[in-house]
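In our numbering, the protein residues as written are 6 to 188. Just so it is clear, CB atoms sit at the ideal spot from N, CA and C, and this is done for glycine as well. Quick notes on the structure that follows.
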Ligand code: ADP
Ligand code: MG
């Protein structure tokens, strides 16, 4: 399948998930995330604010903040993603493409981030990813040394996703029922 077919397939299927399934499966993903070494040991995290049925990992924010960790969210500036540090989940507003962004907060350097949680429409077992087609994460991920964790429901995992030369794979993909480590 070409990227565009994968996008359409996933968007259709994500709408079929009931609210209960969405909640239950998101919480399974969070439980898995908490058991990952890099997450336990990381000091600085880049989250994503769930959009259009993306797994809800926000409940993790609170526990990380309570543990004194640094938590940042993406803010779109022109063609780039910038990481902005937050102290809580209040003070977010809709930014580019309808994604919630922190409305204030200090910008942190990419190289301070230990773990990036990467949303996507689809991933394969080698960590390759299909997003909404604008390449924001590809441009951002090439600048970081952070451990990259792709997050998805199981129906978003494909055998092999077409790879373009600019695509940056994630290190592992976490779903409610599996963890795929990049070979
Ligand atoms: P997505 O990753 O969102 O699914 P694609 O991988 O199809 O989207 O990339 C979308 C566009 O982003 C590409 O056409 C490409 O031109 C652009 N792009 C991605 N990464 C880079 C980069 N590092 N430098 C320049 N352009 C890039
Ligand atoms: Mg890409």
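Counting Cβ pairs closer than 8 Å, one from the region 84 to 94 and one from the region 103 to 115, do we hit at least three?
With a cut-off of 8 Å, the region 103 to 115 and the region 84 to 94 count as touching, because enough Cβ pairs lie within range.
Take residue 120 as the anchor and find which of 72, 137, 175 and 139 has the nearest alpha-carbon.
For the residues 72, 137, 175 and 139, the minimum Cα distance to residue 120 belongs to 175.
Specify the secondary structure class of residue 147 as computed by DSSP and reduced to three states.
When secondary structure is reduced to three states using DSSP, residue 147 falls in the coil class, being assigned neither helix nor strand.
For residue 16, count neighbouring Cβ atoms within 10 angstroms of its own Cβ and tell me buried if that reaches 16, exposed if not.
Its Cβ having fewer than 16 others within 10 Å, residue 16 is exposed.
Is the beta carbon of residue 136 less than 8 Å from the beta carbon of residue 126?
Going by C-beta atoms, residue 136 is nearer than 8 Å to residue 126.
Indicate, with yes or no, if the ligand ADP has a heavy atom lying under 7 Å from the CB of residue 138.
The closest heavy atom of the ligand ADP lies less than 7 Å from the beta carbon of residue 138.
Residue 172: beta carbon under 7 Å from a heavy atom of the ligand MG?
Checking every heavy atom of the ligand MG against the Cβ of residue 172, one is found closer than 7 Å.
Contact check, residue 19 vs residue 62, beta carbons under 8 Å
No.
Can you give me the Cβ contacts of residue 94 inside the same chain, cut-off strictly under 7 Å, excluding the 5 residues immediately before and after it?
Cβ within range, chain order: 63 and 66.
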